[in-house]
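Only one structure is covered here, and it is reproduced in the block below.
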Amino acid sequence: MVSFFYSLKIKIQNYFIIYVEKCGIIHLGGEMFVEAVILGLIISFFIRGRITNLVELNIRGWYLIFISVILTLSPIFLANFDKFEKILPIVMFLALLIMLVVVGLNYDKKGFLIILIGGLFNIIVMLFFSFKMPVAMDSLKGTALEYLIDDINAGRIINYTLIKGPGLLKYFSKFIIIPNYPFAKVISIGDIIISIGIIRFIVGESRRTNFLKKSKMINYTFTPNKR
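Structure below.
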């Protein structure tokens, strides 16, 4: 039994490594959104916000989130099969698009409109590069992230591509280098806007004073009187 769980642990670790390597999670801005969530929670704590409000959310189109997550995790299961390599960028693009649909359906929630704008910044430029997110090669040169040039060129990172030289599209790509804290990374203007939206959402929801009580037919909203 112990050996079974140990082998399962090793297999999960290997799948996770494949996912991180294939999708460029570390150093290409993916962890920035986790940092935004953590920062939002910290701010909410210090302003004495009600963190449990995040559990009581009523998200329209919530079921689409599960579809997006499944598509996002698909490289874990498909990356070892060469015949799937070409469609994986499209799958990842669809996952992002579905998540933006959910954000759009809930644009009235604090921060979601900001997230939507940032997401559109990223997704529009991907349409010009075969559903891949462009990374400015000039920004990577001479930095600790220069090795990403070889990884992207060799196809070891499936959903990114390199662009060279100046131009309008560069400013929609990942071209902003953050050298150290907490990981060296290259991010886009869209990533920054999304992160601001995430923080705004978490802090805004934690300060919400109306409480939702959900029945099978109707959502009742109660707002305490302010004296």
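Quick note on our numbering: the sequence shown kicks off at 224 and runs consecutively. Every residue, glycine too, gets a C-beta built ideally from N, C-alpha and C.
Report task. Compute the Euclidean distance between the alpha carbons of Asp172 and Met360, then round it to the nearest angstrom. Result -> Outside the displayed range of the chain (224 to 450) lies residue 172, so it cannot be described from this structure.
Report task. Would you check if there are 3 or more beta carbon pairs closer than 8 Å linking the stretch 307-319 to the stretch 397-415? Result -> no
Requested in this report: Please say whether Ile425 and Leu264 have beta carbons closer to each other than 8 Å?
Outcome: In the sequence shown, the residue the question calls residue 264 occupies position 41. In the sequence shown, the residue the question calls residue 425 occupies position 202. Cβ distance < 8 Å, so Leu264 and Ile425 count as in contact.
Report task. With a threshold of 16 other CB atoms inside 10 Å of the CB of Phe268, please say whether the residue is buried or exposed. Result -> Here residue 268 refers to the residue found at position 45 of the sequence shown. Classification of Phe268: exposed, given that the 10 Å Cβ count is below 16.
Requested in this report: Using the DSSP secondary-structure output, state which residues sit across from Leu385 in a beta bridge.
Outcome: Taking the sequence shown and counting its residues from 1, one reaches residue 385 at position 162. Note: Leu385 sits in a beta bridge opposite Val358.
Query raised in the report: How many angstroms separate the CA atom of Ile380 from the CA atom of Ile266?
Result: Counting from 1 along the sequence shown, the entry for residue 380 is found at position 157. Counting from 1 along the sequence shown, the entry for residue 266 is found at position 43. One C-alpha to the other measures close to 34 Å.
Query raised in the report: Which word fits Arg271, buried or exposed, when buried means at least 16 other C-beta atoms lie within 10 angstroms of its C-beta?
Result: Translated into positions along the sequence shown, residue 271 becomes position 48. Answer is exposed; the Cβ neighbour count stays below 16.
**Report entry** Continuous alpha helix (DSSP H) assignments of at least 4 residues falling wholly in the stretch 310-335
**Finding:** 311-328
**Report entry** Proximity to Phe344 [Cα-Cα], best of Ile412, Lys332 and Pro312
**Finding:** Working through the sequence shown from its first residue, we reach residue 344 at position 121. For the residues Ile412, Lys332 and Pro312, the minimum Cα distance to Phe344 belongs to Ile412.
Query raised in the report: Does DSSP put Lys393 in a helix, in a strand, or in coil?
Result: Locating residue 393 in the sequence shown gives position 170, counting from the first residue. Helix at Lys393.
Report task. Over the uninterrupted alpha helix (DSSP H) stretch that includes Val426, give me the two end residues. Result -> As a first step, residue 426 is located in the sequence shown; it is residue number 203 there, counting from the start. Ile412 to Ser429 is the span of the alpha helix (DSSP H), which, as asked, contains Val426.
Report task. Classify Val278 as helix, strand or coil using the three-state DSSP reduction. Result -> Along the sequence shown, one-based indexing puts residue 278 at 55. In the structure shown, Val278 sits in coil (DSSP, three-state: anything other than H, G, I, E or B).
**Report entry** Straight-line Cα distance separating Thr432 from Leu371
**Finding:** As a working note, residue 371 is residue 148 in the sequence shown. As a working note, residue 432 is residue 209 in the sequence shown. In a straight line, the C-alpha of Leu371 is about 46 Å away from that of Thr432.
Query raised in the report: By Cβ distance below 7 Å, which residues in the same chain neighbour Ile416 in space, the five residues on each side in sequence not counted?
Result: Position 193 of the sequence shown, counted from the first residue, corresponds to residue 416. Once the five neighbours on either side are set aside, the close Cβ partners of Ile416 are Ile337, Ile340, Gly341 and Phe344.
Query raised in the report: Sorted by chain position, which residues of the same chain lie with C-beta nearer than 8 Å to Leu294's C-beta, five sequence neighbours on each side aside?
Result: If you number the sequence shown from 1, residue 294 lands on position 71. Around Leu294: Val314, Met315, Leu317, Ala318 and Ile321.
Requested in this report: Under 8 Å by Cβ, that's how I've got Ile421 and Val292 pegged, so tell me the actual separation to the nearest angstrom.
Outcome: For the purposes of this step, residue 421 is taken as the residue at position 198 of the sequence shown. For the purposes of this step, residue 292 is taken as the residue at position 69 of the sequence shown. The Cβ separation is near 16 Å, so there is no contact.
Requested in this report: Note down the Cα distance separating Met464 from Lys332, rounded to an integer number of angstroms.
Outcome: Nothing can be reported for residue 464: it is not among the residues displayed for the chain, which extend from 224 to 450.
Report task. Rounded to whole angstroms, what's the CA-CA distance from Gly390 to Asp414? Just pull it up for me. Result -> Here residue 390 is taken as the residue at index 167 of the sequence shown, counted from 1. Here residue 414 is taken as the residue at index 191 of the sequence shown, counted from 1. In a straight line, the C-alpha of Gly390 is about 19 Å away from that of Asp414.
Query - Nearest-angstrom beta carbon gap, Ser396 and Val348 [assumed within contact, 8 Å] - result: To locate residue 348, count along the sequence shown from 1; it is residue 125. To locate residue 396, count along the sequence shown from 1; it is residue 173. That pair is a contact at about 6 Å.
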